[in-house]
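Shown next, in C-alpha cells, is the structure this report addresses.
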Amino acid sequence: MTRMHVAGSIHADATSAAPVWLVKPADANALENGLWSGSAARIGDGELHLGGMAVGDIVAATGTPAYIVDEVDFRARALSWREAFVGWKVYYAGKSFLCGTVARWVDEEGLSLDVCSLGELTVGLRAGFDPARIGLHGNNKSDDLLRLALMSGVGRIIVDSSDEIVRLERLTDELGVRAQVLIRVTTGVEAHTHEYIATAHEDQKFGFSIAGGQALVAMVRCHGSARLDLLGIHSHIGSQIFDTNGFEVAARRTLKLMSQFKEATGVALPELDLGGGFGIAYTIDDSPASAYDLARGLDEIVEHECRGFGLERPALSIEPGRAISGPPGTALYTVGTTKDVELGGGHVRRYVSVDGGMSDNIRPALYAAEYSAVLANRVSDAAPVLARVVGLHCEGGDILVRDVFLPGDIAVGDIIAVPASGAYSRSMASNYNHTPRPPVLAVRDGRLTPMIRRETLDDLLALDAGLDLE
C-alpha cells in the first residue's frame, strides 16, 4: 500500500523505484488479463481497439480526454450479477457512474437502481426507471429529495438518522402517503480488499450504531410509526472488497439485531441488504472474486447465521456499482510532454504529462488509488521504462497512474489508455483550474454513441455571474 504524505501522494516515497508488485514486463504493449473491458484488443498493426473501433478513430471523432464505455461489457456484467445472485435483488449503485443511458441499460438488464441524491434520483426517473425498483440512500436527505421520492413512489428509503425519521413522518403526513424504509446500521466492521478488521469502526457519518443500541431504538420507532413501514436492515462495510470475510461478521451482527427486534416486537423483518463495495482489478496486484463466487459465499453465510439465530431467511439484496461500471470504462488521453527525473541509486522515472488529470479522475490524488496504462495508438519495440502518468493541473499530487512501465519511445502526441476507469472517475469530476469535464461515449460494434457530451468553456463560464458573455 502507498504511504501517504500530508502534502499529497507525490511526496510519498519520492526516491523509491517501482512498487514490489509492479514487475517489469517482457512486452510493454501487452494488455493484462482482468484489467480491460471484454472487447479491448490490439488488432492489425497493434493499435488498441475498444468495442470494435480503433482508438485513433475514437480520438479523431471525440478528442481527448474522453471516457469510452464498452456497452456489451457493461450489460454482460450487469446480467452476470443478476444471474449469480439468484433470489436476491441486485441494486446498481448509481454513485459509481450514472446517466440516462446507464439507467436504461440497468433497467433493461433487470437490475434495480440505488441513488443517493436529488440529481441521481431525477436522472433515474427521467430515464423512465420504475420508481418501485429504486432505493434511496443519503445521510442528509433534504425535504426536496424526500418529497420527490415519496411523490414518485420510490420503493425504499434507507433511513440514516433520527432527524430523518422525524422528517419522513412530517412529509408522509403532509403528502398523505406511506414510506417503506430500511434502517442503515453500523456493524463495527470495515472491510478493504484482502483483509477486514472487526473492531469499533463507529466513528463515521453513516447509520445507527448496533453496539451503542441506537439501531434497535430506531427500528422500534419506525415499526411503531403510523406512516412508516419498516422493511428491514441495511449494512455497508466498505469498498474494494475482494472476498466475503467481512460480510460474515456483518451478517452475524445484522441478523442478531433482527432476532432482537423479533424478541422485542414479535415481528420478523422481511428484508436484509448487505450493501456493496465489491472490488475490481485496477492493477495486476488486484484479484477480485467473481460475482458467482461472491454469491455462493454470501448465500452460505446468510444460511448459516439464520440457522444460528432461528430466523427464516429474509429477502436479500446487494448493491454492486464499480463491479459493473468500472471495467467497461477506458480513459483516453493525449501525451503533451515527457521528461526523465533522476531518483538516485541509478533509478529514473519518466514523467508523461497528458491532457487530463485530477479534474477528471480525483481518485489517485484523493485515495492514492492505483491504475494501469498502455500506449494505445501503436505498438513499440522500445524497452519498457518506469513511468508516471500525470495531469495538467497546478498540483504536485496531480497523478493519474503512479507507477507503470511504458515503452521508452513514448512521445508527444501518443495516446494513453487507462483501463478500469468507468467508476468514480467522470462521476467525481470537477472543474478545477477551470477545466471542462470530458465526455463519456458508449462504443459497440464499431460505433460511438454519446452518453454525456463534452463540457465546453461556454458551459463553464455561463455560471460566472461576473462575466458578460454576450
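Residue numbers for the sequence shown follow my numbering, so the first one is 851 and each next one is one higher.
Beta carbons are placed, not taken as given, at the ideal position from N, Cα and C, and that holds for glycine.
All values reported here derive from a predicted model rather than from experimental measurement.
Q) How many Å lie between T1299 and L1161 at the Cα? A) 49 Å
Q: Give every residue of the same chain whose Cβ lies closer than 8 Å to the Cβ of T1306, excluding the five residues on either side of it in the sequence, and list them in chain order.
A: P1286
Q.
Mapping the DSSP letters down to three states, classify S1222 as helix, strand or coil.
A. coil
Q: Report the rounded CA-to-CA distance for L1166 versus S1175, giving the unit in angstroms.
A: 22 Å
**Q.** Check whether I1260 and T1188 have beta carbons under 8 Å apart
**A.** yes
**Q.** Neighbourhood of R1020 by C-beta distance below 8 Å, restricted to the same chain and skipping five residues each side
**A.** none
Q.
Using the three-state DSSP reduction, which class does H987 fall into: helix, strand or coil?
A. coil
Q: Would you kindly report the start and end of the unbroken beta strand (DSSP E) that includes Q1054?
A: It is not in any beta strand (DSSP E) - Q1054 carries neither H nor E in the DSSP assignment.
**Q.** Helix, strand or coil at H1073 according to DSSP, with G and I counted as helix
**A.** helix
Q) Going by Cα to Cα distance, which pick from P1234, R1017, S1011 and D1013 is closest to L1000? A) R1017
**Q.** Inter-residue Cα distance where the pair is D1143 and L1313
**A.** 48 Å
**Q.** CA-to-CA distance, M1208 to A1315, given in whole angstroms
**A.** 26 Å
Q) Just checking, does the stretch 891-911 make contact with the stretch 1076-1095 on the three C-beta pairs under 8 Å criterion? A) no
Q | Spatial neighbours of A1141 in its chain, beta-carbon cut-off 6 Å, leaving aside the 5 residues before and after | A | S930, W931 and A934
Q) Looking at the structure shown, is V1099 part of a helix, part of a strand, or coil, going by DSSP? A) helix
Q: Go ahead and label S1271 buried or exposed: buried means 16 or more other beta carbons lie within 10 angstroms of its beta carbon, across all protein chains shown.
A: buried
**Q.** C-beta atoms of A953 and A982 nearer than 8 Å
**A.** no
Q | Contained beta strand (DSSP E) runs [length at least 3] in the stretch 1187-1269, N- to C-terminal order | A | 1197-1204, 1234-1240, 1249-1257 and 1265-1268
Q) Taking DSSP as the reference, what is the three-state secondary structure of E1162? A) coil
Q. Would the stretch 1221-1240 and the stretch 867-886 be scored as touching if the rule is three or more Cβ pairs under 8 Å?
A. yes
Q: Express the C-alpha separation of V1185 and S889 in angstroms, rounding to a whole number.
A: 24 Å
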